[in-house]
Amino acid sequence: MDSLLFNTEDIYTLCADNVLTKYGRPRLPWSVKAKLMGVSGSSNGDLRISREQFKQEQNEQQQLHFPECVPLPGAKSLLARIKTAQNRDGYPVEIALASSSEKYNYDRKVVKPETKALMDLIPQEKRVLGDDARVQHGRTPKITPKECLVFEDSVPGVESGRRAGTRVVWVPYPGLAAEYRGTQPLKVLTYPV
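The numbering used here numbers the first residue of the sequence shown as 5 and each following residue consecutively.
Here is the structure:
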């Protein structure tokens, strides 16, 4: 969802930078962000405040800025095409959403009519968020890895999807792609599945 459907990567950056610069620290460069994407419990940037206070201040920034998020260009048409697609046997292609975002952050992001309309293309019962009890109790929709095509923006997410046996499409933000351009991880990530 984040960075694939909505412009929330920009907002995460803005929120982190607002807290960092408040304490006289430099903005978060992509060389650091690349290591934090897809990893929960991010660093407090070596600030002289506790990790809890950093998290609280980021949360306040997110509460302020997440309602401003909008769908990324092409997201709605991609989901609409997937929603009406059929597999080789003529069966409909099913679409689902798995996100590490917790419900309270999801609700902050899906407030504008255009973000709501985008999420309406994914059935409610096929949306799994990070704090979803179905995940904690192993009751997620049953799908075999070979039935999945995963769209992922973070390197850890790509690696997880591939370890699970799914096919993965890496859709990095330009800053993240630039960090990996010409390096071994990019070659591994673009290996045909």
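For each residue, glycine too, the CB sits at the ideal point set by N, CA and C.
Taking the beta strand (DSSP E) that residue i falls in, what are its first and last residues?
{"i": "residue 153", "result": "153-156"}
{"i": "residue 171", "result": "171-174"}
Would you mind sorting residue i into buried or exposed? The rule is 16 or more other CB atoms within 10 Å of its CB.
{"i": "residue 196", "result": "Annotation note: pLDDT 45 at residue 196 (below 50); position unreliable, coordinate value reported separately. The residue is exposed, with fewer than 16 neighbouring Cβ atoms inside 10 Å."}
{"i": "residue 24", "result": "buried"}
{"i": "residue 127", "result": "exposed"}
{"i": "residue 153", "result": "exposed"}
{"i": "residue 191", "result": "Reliability fails at residue 191, whose pLDDT of 49 lies under 50, so the model's placement of it is uncertain and no value is given."}
{"i": "residue 109", "result": "buried"}
{"i": "residue 161", "result": "buried"}
{"i": "residue 113", "result": "buried"}
{"i": "residue 156", "result": "buried"}
{"i": "residue 172", "result": "buried"}
{"i": "residue 184", "result": "buried"}
{"i": "residue 33", "result": "exposed"}
For the alpha helix (DSSP H) that residue i lies in, which residues bound it at each end?
{"i": "residue 161", "result": "159-167"}
{"i": "residue 21", "result": "12-26"}
{"i": "residue 29", "result": "Where residue 29 is concerned, there is no enclosing alpha helix (DSSP H), given that its DSSP letter is neither H nor E."}
{"i": "residue 111", "result": "107-113"}
How is residue i classed by DSSP in three states: helix, strand or coil?
{"i": "residue 93", "result": "coil"}
{"i": "residue 124", "result": "coil"}
{"i": "residue 131", "result": "strand"}
{"i": "residue 182", "result": "helix"}
Any heavy atom of the ligand COA closer than 7 Å to the CB of residue i?
{"i": "residue 95", "result": "Looking at this structure, you won't find the ligand COA or any other ligand, since it has none at all."}
Just list the alpha helix (DSSP H) runs in the segment 31-83, keeping only unbroken ones of 4 residues or longer that don't cross its boundaries, in chain order. For the segment 31-83, whole alpha helix (DSSP H) runs of length 4 or above, ordered along the chain, are 34-40 and 55-69.
Given 8 Å, three or more beta-carbon pairs between the segment 111-126 and the segment 61-75: Yes: the two stretches touch, three or more of their Cβ pairs being nearer than 8 Å.
Using 8 Å as the cut-off, can you tell me whether the segment 57-65 makes contact with the segment 12-28, which would need three or more C-beta pairs spanning the two stretches below that distance? Segments in contact, yes.
Is there contact between the segment 31-39 and the segment 178-185, where contact requires at least three CB pairs shorter than 8 Å? The segment 31-39 is in contact with the segment 178-185.
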